[in-house]
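Once you know that position 16 of the sequence shown is 7 in the working numbering, the rest is easy, because the numbers rise by one and skip nothing. The beta-carbon is built from N, C-alpha and C at its ideal position, and this holds for glycine as well.
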Amino acid sequence: MKAVKANVTRGLDIGAKMTAADNSGAKIVELVSVKLGKAVKKRRQSAGIGDVVTVSVKTGVQSMRKKIANAVIIRQKMPYMRSDGTRIKFEDNACVILKSLEGDPKGSVIKGAVAREVVDRFPKIGKISSIVV
């Protein structure tokens, strides 16, 4: 996993609901924890673009509901700054469900745009994405 070159503002707290942007079967997921996250003692963790998180599937196909899965955040509403100085924000919070922590996506198609920082960090997600911003 490569480091993210942008100064990513962590815009998603624990308990945030977001859409699953792939065809894995999950529709709406809730953020449970952040993998490899760092936080100050007694402060809740938060996540941003390109972070690997643990999510709980709230709605979707019956076999996926009420299950815990790993995911990567591909879009966030809160603006973040790239290394060239531009600020980027999306119109929704979205993630992609993973098969393994190496970055293998569970679905075969990603709906909507994917941030360039995610594609640099996880090339397999970039292969199945339609738009890279």
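* **Alpha-carbon spacing of N(-2) relative to C86, whole angstroms** => 19 angstroms
* To do: Examine the ligand SAH and report whether any of its heavy atoms sits within less than 7 angstroms of the Cβ of D4.
  => Of the ligands one can find in the structure shown there are none, so the ligand SAH has no counterpart to examine.
* Asked: Between the Cα of A106 and the Cα atoms of K115, K90, S99, I79, which residue gives the shortest distance?
  -> I79
* Closer than 8 angstroms, CB to CB, is S54 near chain B or not? -> Judged by its chain identifiers, the structure shown contains no chain B, having just a single protein chain.
* Thinking C-alpha only, which one of V31, T45, L27 is nearest K8? -> T45
* Expressed to the nearest angstrom, what Euclidean distance is found between the alpha-carbon atoms of I19 and M69? -> 19 angstroms
* **Alpha-carbon spacing of Y71 relative to A60, whole angstroms** => 26 angstroms
* Asked: Which partner residues of R66 appear in the DSSP bridge assignment?
  -> A85
* Inter-residue spacing [alpha-carbon to alpha-carbon] between K140 and V52 -> Any question about residue 140 goes unanswered here, given that the chain covers just -8 to 124.
* Applying the criterion that 16 or more other CB atoms from any shown protein chain within 10 Å of the CB defines a buried residue, is L89 buried or exposed? -> buried
* **Nearest to A17 (by Cα), restricted to the options I116, K29, S54, K(-7)** => S54
* From the DSSP output, read off the bridge partner residues of R35. => Its beta-bridge partners do not exist; DSSP assigns none.
* In three-state terms, what does DSSP make of A79? -> Inspection of the sequence shows that residue 79 is occupied by Ile rather than by Ala. Note: I79 maps to strand in three-state DSSP.
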